[in-house]
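A short write-up of the structure that comes next.
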Amino acid sequence: MTLFAIQTTGRAVLRRPYFPSHRKQINFTSKRHNSNNSTPVPHSNPSPESSPNGTAIPIPATIANVPIWQRLGPLTRSFQAYGRSQRKRPYTTQFCSSLVIYFLGDLSAQSICGDDYDWKRTLRALFISMGSSIPSYKWFMFLSNNFNYSSKAISLATKVGVNQMFFTPIFNTYFFGMQSLLSGDSLPDVVERVKRTVPTSMMNSIKLWPAVTAISFAWIPQEHRSIFAGVIAIGWQTYLSFLNRRVEGEMAGGIENTQKEVVKAPTSKLSKDIAIRKESTKEAQEQKAEA
């Protein structure tokens, strides 16, 4: 009986589960492992930048620099509004922008000439703007979508060359021809005006527009190219209006001189005839007196 009790007690002791003491328990909540390192890292309290659930919010080490044209306050917002309008309503935006450019260019040219303000000249400039705004926009969109090669330098050189070779002479002929035609000149006078103005304007355009075109296609976003070229075009339209006015004055002066010569010619001939008649009459009287 005693042996049976000892065996039963031993079996119970061996079957009893083992529970570690409180001092030896491992606190798994006090340590965490780094995902990049197997060494245990002590757990720290969430920082003030942490989210409510305890997950740390990543913060960039540096802040990207904002371009200066995006830090100009109201001016920046105006450019952004123009860009949105150009994307949504390109034709309307281009048409209105062209009217403003030609209007300011003509006002500037008239102020430089020093003459009294001629509102008819301004109306002519606005009418010319109406006819050229949309075709000009279409042309530069064509250049933007074509001649795009693997080499950026070759692409820019091709765009600039094509623009100077085709667009510049056609536009200048249209501008000066319409100025003369709307002024009431005859067809020969229109041709003469074009001959006197287009070669000079083309030579001077080489000094400005190739650089403007290259900068526009290289660095200016497509929706802002019109306003960039428009600011330059105000000065250019001032020059074109000034050149047109100068040649117009030269042609008017030439016509006046021609008219004076035409008037003088019959007068001189008439005086000569009168002198001949007087001389003939005098000779006849002398012959009669001798007889």
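Be aware that the sequence shown starts at 1, since it is given in UniProt numbering, and climbs by one per residue.
We put the CB at the ideal spot given by N, CA and C, even for glycine.
Predicted, not measured: the structure shown is a model, and the values here were computed from it.
- Inclusion of tyrosine 91 and leucine 126 in the CB contact set at 8 Å is not warranted, their separation being larger than that value.
- If you check the CB distance, threonine 173 and valine 194 come in under 8 Å.
- In the structure shown, aspartate 106 adopts helical secondary structure according to DSSP, grouped into three states.
- Taking the C-beta atoms as reference points, glutamine 237 is found nearer than 8 Å to glycine 105.
- The straight-line gap separating the alpha-carbon atoms of methionine 203 and serine 186 is approximately 26 Å.
- In the DSSP annotation of this structure, the continuous segment of the alpha helix (DSSP H) that includes lysine 152 starts and ends at 152-162.
- If you draw a straight line from the Cα of threonine 93 to the Cα of arginine 87, it is about 9 Å long.
- Counted as a single uninterrupted DSSP element, the alpha helix (DSSP H) harbouring proline 74 occupies residues 74-88.
- The C-beta distance from phenylalanine 242 to isoleucine 112 rounds to 6 Å, short enough to meet the 8 Å contact threshold.
- In the three-state reduction of the DSSP assignment, arginine 71 falls in the coil class, being assigned neither a helical nor a strand state.
- Of all alpha-carbon atoms in Arg196, Ala157 and Phe167, the one lying nearest the alpha-carbon of alanine 211 is that of Ala157.
- The region 134-147 makes contact with the region 161-180: 3 or more CB pairs, one atom from each, lie closer than 8 Å.
- Classified as buried, leucine 240 has 16 or more neighbouring CB atoms from the shown chains inside 10 Å of its CB.
- When the alpha-carbon of glycine 131 is set against those of Ile206, Asp118 and Phe95, the nearest one is in Phe95.
- Rounded to the nearest angstrom, the gap between the Cα atoms of isoleucine 227 and proline 188 is 37 Å.
- In the same chain as valine 247, and ignoring 5 residues on each side of it, the C-beta atoms closer than 7 Å to its own belong to Arg193, Arg196 and Thr197, in chain order.
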